[in-house]
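Engineer:
In this note's numbering, the protein residues as written are 35 to 211.
#1: For residue 72, which residues of its own chain have a beta-carbon under 8 Å away from its beta-carbon, when the five flanking residues on both sides are left out?
#2: Using CA coordinates, which residue listed in 110, 151, 148, 196 is at the minimum distance from residue 58?
#3: How is the alpha helix (DSSP H) around residue 53 delimited, first residue to last?
#4: On the three-state DSSP scale, how would you describe residue 122?
#5: If I'm right that residue 108 touches residue 39 with Cβ under 8 Å, what's the distance once you round it to whole angstroms?
#6: In three-state DSSP terms, what is residue 167?
#7: With distances taken between CB atoms, is the gap from residue 90 to residue 62 smaller than 8 Å?
#8: What does the alpha-carbon distance come out to for the pair residue 45 and residue 124?
#9: Identify, in the order they occur along the chain, each residue of the same chain with its Cβ nearer than 6 Å to the Cβ of residue 131, setting aside the five sequence neighbours on each side.
#10: Suppose contacts are defined by Cβ-Cβ distances below 8 Å. Is residue 168 in contact with residue 158 by that definition?
#11: Under DSSP, the alpha helix (DSSP H) around residue 160 begins and ends at which residues?
#12: On the criterion of 16 or more Cβ atoms from any shown chain inside 10 Å, does residue 135 qualify as buried, or is it exposed?
#13: Please state if the CB of residue 69 and the CB of residue 112 are separated by a distance shorter than 8 Å.
#14: Please report the residue range of the alpha helix (DSSP H) in which residue 92 lies.
#15: Within this structure, are the beta carbons of residue 92 and residue 43 separated by less than 8 Å?
#16: Look up residue 146 in the DSSP assignment and say whether it is helix, strand or coil.
#17: Which same chain residues end up closer than 7 Å to residue 173 when comparing Cβ atoms and leaving out the 5 residues on each side of it in sequence?
#18: Using the rule of at least 16 other Cβ atoms within 10 Å of the residue's Cβ for burial, across every protein chain shown, is residue 18 buried or exposed?
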């Protein structure tokens, strides 16, 4: 999934390192803004500011403060967008669908960001209880966000190979690919 998002970056920036780092900084500053908004909604402006500053300092701090275009900063942006959308109660049901789409896109980039679904599920339970429609909308959103990656796997004929090697392949001692 990262390649789908890097294509526009490369089209815009080419192989110019400065432009690529500027795009990376745009992802990081956008994520920091979302972290600030999440912190402000859950606490206050101070909570949001401290969280956003901590993110910027800790995100790849040893590598020019996160100005490298890696999968983590890009997936962080979509996870934070998904969480923030859940906190937007003014969007009501749409927020659950959009949150799922955003988390689905993040899972397309880094599969381990699927753990954000635990946070999303907890927040839905805490705020609205067991209202099934909200969980279903979140799941449909995840499927929609993950759909480009699934289409890519089907189109290239590697979906069943990927499923085999991620589920049974490790137990196949004769084929250690």
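Cβ coordinates follow ideal geometry from the N, Cα and C atoms, glycine included.
Structural biologist: The answer reads as follows:
#1: Taking the chain shown and counting its residues from 1, one reaches residue 72 at position 38. Cβ neighbours of residue 72 beyond the five flanking positions: 82, 85, 114, 117, 118, 121.
#2: Counting from one through the chain shown, the residue named residue 58 turns up at place 24. Taking residue 58 as reference, the option from 110, 151, 148, 196 with the minimal CA-CA separation is 110.
#3: Numbered from 1 along the chain shown, position 19 holds the residue referred to as residue 53. Residues 51-76.
#4: What you label residue 122 is simply residue 88 of the chain shown in a count that begins at 1. For residue 122, the secondary structure class from DSSP, reduced to helix, strand or coil, is coil.
#5: One-based indexing of the chain shown puts residue 108 at position 74. One-based indexing of the chain shown puts residue 39 at position 5. Residue 108 to residue 39, Cβ: 6 Å. Contact.
#6: Locating residue 167 in the chain shown gives position 133, where the first residue counts as 1. Judged by DSSP in its simplified three-state form, residue 167 adopts helix.
#7: Here residue 90 refers to the residue found at position 56 of the chain shown. Here residue 62 refers to the residue found at position 28 of the chain shown. Going by C-beta atoms, residue 90 is nearer than 8 Å to residue 62.
#8: Walking along the chain shown from the start, residue 45 turns up at place 11. Walking along the chain shown from the start, residue 124 turns up at place 90. Going by the C-alpha atoms only, they are around 36 Å apart.
#9: To locate residue 131, count along the chain shown from 1; it is residue 97. The residues 171, 175, in chain order, have a CB closer than 6 Å to that of residue 131 in the same chain once the five nearest residues on each side in sequence are set aside.
#10: On the chain shown, position 134 is the one that residue 168 refers to. On the chain shown, position 124 is the one that residue 158 refers to. In contact: residue 168 and residue 158 (Cβ atoms closer than 8 Å).
#11: For the purposes of this step, residue 160 is taken as residue 126 along the chain shown, with counting starting at 1. Unbroken alpha helix (DSSP H) run through residue 160: 150-162.
#12: Here the question's residue 135 lines up with position 101 in the chain shown. It counts as buried.
#13: As a working mapping, residue 112 is identified with position 78 in the chain shown. As a working mapping, residue 69 is identified with position 35 in the chain shown. Not closer than 8 Å, so no.
#14: Counting from one through the chain shown, the residue named residue 92 turns up at place 58. Unbroken alpha helix (DSSP H) run through residue 92: 79-92.
#15: Position 58 of the chain shown, counting from 1, holds the residue named residue 92. Position 9 of the chain shown, counting from 1, holds the residue named residue 43. For residue 92 and residue 43, no; Cβs fall outside 8 Å.
#16: The count along the chain shown starts at 1 and reaches residue 146 at position 112. Residue 146: helix per DSSP, three-state reduction.
#17: Mapped onto the chain shown, residue 173 falls at position 139. The residues are 134.
#18: The structure shown does not extend to residue 18, since the chain is modelled only from 35 to 211, so the question has no answer here.
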